[in-house]
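Encoded as structure tokens, the structure appears first; notes follow it.
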Amino acid sequence: MNRARSQELFERGARTIPGGVNSPVRAFRSVGGDPVFIASATGAFLTDVDGNRFLDYVGSWGPMILGHAHPVILDAVHAAVDRGTSFGAPTEAEVLLAERISRAMPAVPVVRLVSSGTEAVMSALRLARGFTGRDLIVKFDGCYHGHSDSLLSKAGSGMATLGIPDCPGVPASLAALTLNLPFNDASAVEALFRARGDEVAVVVVEPVAGNMGCVPPRPGFLETLRRCTERHGALLLFDEVMTGFRLGYGGAQSLYGITPDLTTLGKVVGGGFPLAAYGGRADIMSRIAPSGPVYQAGTLSGNPVAVAAGLAQLELLEDGRAYAALEALGQQLEVGLNQAAASAGVAAQVNRVGSMLTSFFTADPVANFDDARKSDTARFGRFFRGMLERGIYLAPSQFEAAFISAAHTPADIDRTVEAAAECLSELA
Ligand code: KE4
Numbered sequence: 000m001n002r003a004r005s006q007e008l009f010e011r012g013a014r015t016i017p018g019g020v021n022s023p024v025r026a027f028r029s030v031g032g033d034p035v036f037i038a039s040a041t042g043a044f045l046t047d048v049d050g051n052r053f054l055d056y057v058g059s060w061g062p063m064i065l066g067h068a069h070p071v072i073l074d075a076v077h078a079a080v081d082r083g084t085s086f087g088a089p090t091e092a093e094v095l096l097a098e099r100i101s102r103a104m105p106a107v108p109v110v111r112l113v114s115s116g117t118e119a120v121m122s123a124l125r126l127a128r129g130f131t132g133r134d135l136i137v138k139f140d141g142c143y144h145g146h147s148d149s150l151l152s153k154a155g156s157g158m159a160t161l162g163i164p165d166c167p168g169v170p171a172s173l174a175a176l177t178l179n180l181p182f183n184d185a186s187a188v189e190a191l192f193r194a195r196g197d198e199v200a201v202v203v204v205e206p207v208a209g210n211m212g213c214v215p216p217r218p219g220f221l222e223t224l225r226r227c228t229e230r231h232g233a234l235l236l237f238d239e240v241m242t243g244f245r246l247g248y249g250g251a252q253s254l255y256g257i258t259p260d261l262t263t264l265g266k267v268v269g270g271g272f273p274l275a276a277y278g279g280r281a282d283i284m285s286r287i288a289p290s291g292p293v294y295q296a297g298t299l300s301g302n303p304v305a306v307a308a309g310l311a312q313l314e315l316l317e318d319g320r321a322y323a324a325l326e327a328l329g330q331q332l333e334v335g336l337n338q339a340a341a342s343a344g345v346a347a348q349v350n351r352v353g354s355m356l357t358s359f360f361t362a363d364p365v366a367n368f369d370d371a372r373k374s375d376t377a378r379f380g381r382f383f384r385g386m387l388e389r390g391i392y393l394a395p396s397q398f399e400a401a402f403i404s405a406a407h408t409p410a411d412i413d414r415t416v417e418a419a420a421e422c423l424s425e426l427a
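In terms of numbering that gives the first Met the number 0, the sequence shown opens at residue 0 and continues consecutively.
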């Protein structure tokens, strides 16, 4: 496959952009080779600057649940752009989106729009500390919640991909206020709360982990978080930046029947534009400026073009038909990948929830970050490159989730499974 223009741009870009990319995990560092530079995308497909076409399982890391360049979303964006792109003043559309989010998620009666998932989680943590008057944050090894200082310890996603355990530049005094526990370990949660529960401001969790690869919650795990936080006056923050509107219109909190105190959203809610949100209980959210003293602000918060894209995407998702199609495609891919690995005699575990999934190259089940790290990342790299050569664009890391869009078809899935079977047979 000719990727000469991508390689030229990557070399050129590296001279003025750190690592040649504007987000580390895009650099293909853990899978080998140079990143593909994308020229355009439509439906389930990407086209790179060399004219190669790829079936896309990254979907911009989650936002493109309905596929790229959806005509209804593009129409909404074009109409919004023609009315002006940013006002720094409230608009009707922001009220409509806030109301839509609240209808979709009863645990989010009040919501603030921001511009990235990082900003949403950072703001929600500040709010939780301000509301409780406590300092300790509890997170889980391998979960990633954006790059704010308090969350860059034992994080997943790009930090796991690049093998960065803890981030230089975060003061030790601040890092000490974040406690990490193993994901899915309910007894470790109970032990921590017995010992220090009254110091904990908030437990932040990806209800379905996606940033160590896809790892579903064990039965009882989320319930334990809810019970322990309630018992000790701590808050429970569901970071649904990835799962919100991805796993269903009500997100993971609806799927698992847990009511968090705070929720963060991103990706799908922004329809492919820089838009995210944090929200939750009205008594907590009332502390946010200007109604309360906890400060958070943003020049482009609630940007009208981004809000138009988010509204259009959520309106298309509300009837639930896309989720039914995504579940069927997800099942088809999961079964196909398992059969292909078994036929090739390659040890692999497929974890899936709805349209997010990961194939871990390990013989044992993956229920937490330690399990995930037992995966053969070199073998994943060879698999990734083989699939790329066959026109299948996977997430360039063992510690990421793949995403199916409603623009994918059963024939696309069949093609993906066929390519995987060829690649796996070469790995055996
Ligand atoms: P952003 O700041 O990247 O919009 O969101 C941070 C974030 C917060 N919470 C969860 C659960 C997330 O998955 C993310 C971002 N996810 C990564 C992919 N795993 C974004 C891709 C990247 O870093 O380039």
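Glycine included, every Cβ here is placed at the ideal spot set by N, Cα and C.
- A contact is defined here as three or more CB-CB pairs under 8 Å, and the stretch 17-27 fails this definition with respect to the stretch 39-50.
- Of the other Cβ atoms in all chains shown, fewer than 16 fall within 10 Å of the Cβ of Asn1; this residue is therefore exposed.
- Beyond the five residues adjoining it in sequence on each side, Ala321 comes within less than 8 Å, by CB distance, of Ile64, Leu65, Leu315, Ala405 in the same chain, given in chain order.
- Annotation for Glu326: Gly353, Ser354 place their beta carbon closer than 8 Å to its own, counting only its chain and skipping 5 residues before and after.
- Listed in chain order, the non-local C-beta contacts of Arg52 below 6 Å within the same chain comprise Phe44, Thr46, local neighbours out to five positions each way being set aside.
- Counting of Cβ neighbours within 10 angstroms places Lys373 among the exposed residues, the total staying below 16.
- Per DSSP, reduced to three states, the secondary structure at Ser147 is coil, with no helix or strand assignment.
- In the three-state reduction of the DSSP assignment, Phe272 falls in the coil class, being assigned neither a helical nor a strand state.
- Placement of the Cβ of His144 at a distance of less than 6 Å from at least one heavy atom of the ligand KE4 is found.
- Beyond the five residues adjoining it in sequence on each side, Ile257 comes within less than 6 Å, by CB distance, of Leu221, Arg225 in the same chain, given in chain order.
- Out of Gly247, Leu180, Val268, Pro292, the CA that lies nearest to the CA of Val203 is found in Leu180.
- In this structure, Thr298 is the residue among Arg381, Gln312, Thr298, Asp370 with its C-alpha nearest to the C-alpha of Val113.
- Distance check between Ala401 and each of Val57, Leu235, Leu151 places Val57 closest, using alpha-carbon atoms only.
- Secondary structure note for Arg111: its beta strand (DSSP E) is the uninterrupted segment 109-113.
- Of the other Cβ atoms in all chains shown, fewer than 16 fall within 10 Å of the Cβ of Thr15; this residue is therefore exposed.
- For Ala401, the secondary structure class from DSSP, reduced to helix, strand or coil, is strand.
- At least one heavy atom of the ligand KE4 falls within 6 Å of the beta-carbon of Thr117.
- Here Tyr248 is buried, its C-beta having at least 16 other C-beta atoms within 10 Å.
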